[in-house]
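A short write-up of the structure that comes next.
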Amino acid sequence: VSGGALILAKVLDLENLTSCSDGSRTPVASVPNAMSIALVCTSSSVETLVVNLVDINEFAPAFNPNSFSINVSEAASVSSFVIQLNSYVKDADKSNQDTFNFLLLAGASAKFNMPDSATSGIIRVSGALDFDNGQRLYTLNVSAAELASNPGSLPGPLTGFATVEVRVTDSDDQNPVFVDSGYSLSFMENDSSLLSQQLATQPRNVLNNATFLEINATTGTLRLTSVLDRETLLENSMWLRVKAYQTDKPDLRTAVTFVSVMVSDKNDNKPAMSAASYSASIVENSPNGTFVTQVAATDAD
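Per the UniProt record's numbering, residue 1 is the first one in the sequence shown, and the count goes up by one each step.
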């Protein structure tokens, strides 16, 4: 007090008002943002002066943490919940509020939005996600702004910012796929060696067996299970239908391809006469060129 005037001796911090009180300078519990000061005059009794302090809006809303990492399955449907941010924002001002207006600023790419109330801070899926052929990482920039109606907001509403990284995770939404649409194999009859051709799927899965072929469930390699005799086959070529399926979803995740198998003939049979012996007679003195008999032979190859 100087010349009857009350002068501020130090900067007051409304957010830490107790640090500004000592002796008879104590906060007034019944009056928010006020301090009680006892004034003593040598010629009069003690008087109490209540000083009301006006808050300055000096702190922007702060996210804690200010970055988030969320995993969302590509199978998530539209309107699926991603995250709610309102519980992660605080205001350090004395007249702080716990309600803010949230806004998606950038990075949503029409895949995410905030369709609920502006103060909820809820982010939801707004478009189909695709791990296999689409974007796998989205960086969303979000803001939390003080409400304009906040009392004592000087100089005005402030805004805090954060980032939300959304990683799209894979889901089992693809069927197995054969590397090629079809396969062609050829081998010599009576050859039981490993066929050079391999059947592979993406991803690899168990394939069903043919009656004369076996297939390795891991590598997709076909191998003969019995020797084939070209002469016993109706045709020298055949078509096999091969099916791949996921062991965990055999009825839902399948792939089908066709294998053309060509059996080449091998000269492994001698000609055979139609009869073991022949008998014929001819008149003596028959001229040259006279027919005697006819013999026949066949070859099984």
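Even for Gly, the Cβ is constructed at its ideal location relative to N, Cα and C.
Beta-carbon spacing of residue i, residue j below 8 Å
i: threonine 163; j: threonine 139; result: yes
i: valine 168; j: arginine 124; result: no
i: alanine 110; j: glycine 134; result: no
i: threonine 254; j: proline 271; result: no
i: asparagine 64; j: alanine 106; result: no
Top-ranked residue by Cα proximity to residue i, from the options
i: alanine 275; options: Thr293, Glu214 and Leu222; result: Thr293
i: tyrosine 278; options: Val295, Asp248, Asp170 and Ser79; result: Val295
i: lysine 249; options: Asp132, Asp130, Pro176 and Ile282; result: Pro176
i: proline 157; options: Phe59, Val283 and Phe68; result: Phe59
i: phenylalanine 112; options: Asp91, Ala76 and Phe187; result: Ala76
i: serine 260; options: Ser186, Pro287 and Asp91; result: Ser186
i: phenylalanine 178; options: Ala106, Gly127, Val256 and Asn141; result: Val256
i: asparagine 86; options: Asp251, Met262, Pro61 and Gly107; result: Pro61
i: residue 302; options: Asn101, Phe161, Ser117 and Pro115; result: In this structure the chain extends from 1 to 301, so residue 302 is not present and cannot be described.
i: serine 117; options: Asn101, Ala106 and Ala108; result: Asn101
i: serine 171; options: Glu74, Thr221, Ala108 and Ala106; result: Glu74
Same chain only: Cβ atoms within 8 Å of residue i, ignoring 5 sequence neighbours per side
i: phenylalanine 258; result: Gly182, Tyr183, Trp239, Leu240, Arg241 and Val242
i: valine 72; result: Ser80, Val82, Val125, Leu129, Val166, Arg167, Val168 and Thr169
i: methionine 114; result: Phe102, Leu103, Leu104, Ser120, Gly121, Ile122, Ile123 and Arg124
i: alanine 29; result: Residue placement at alanine 29 cannot be trusted, given a pLDDT of 46 that sits under 50; the coordinates are not used to answer.
i: serine 237; result: Ser260, Val261, Met262 and Val263
i: alanine 280; result: Val292 and Thr293
i: methionine 273; result: Val295, Ala296 and Ala297
i: aspartate 180; result: Thr257
Beta-carbon proximity list for residue i, same chain, < 7 Å, skipping 5 on both sides
i: threonine 99; result: Thr119 and Leu147
i: isoleucine 282; result: Thr290 and Val292
Distance between beta carbons of residue j and residue i, contact taken as under 8 Å
i: alanine 145; j: valine 89; result: Going by Cβ atoms, the distance from alanine 145 to valine 89 rounds to 10 Å, so no, they are not a contact pair.
i: aspartate 132; j: glutamine 174; result: 6 Å
6 Å CB neighbourhood of residue i in its chain, flanking five on each side removed
i: leucine 103; result: Ser143
i: glutamine 84; result: Gly121 and Ile122
i: alanine 92; result: Phe59
i: leucine 194; result: Here the model assigns leucine 194 a pLDDT of 46, short of 50, so the residue's position is not dependable and the matter cannot be decided.
DSSP beta-bridge partners of residue i
i: lysine 90; result: Ala62
i: phenylalanine 68; result: Val164
i: methionine 114; result: Answer is none; methionine 114 lacks a bridge partner.
i: glycine 182; result: Phe258
i: phenylalanine 100; result: Glu146
i: valine 242; result: Thr257
Within-8 Å CB hit, residue i to chain D
i: alanine 296; result: Considering every chain present, this structure includes no chain D. It has just one protein chain.
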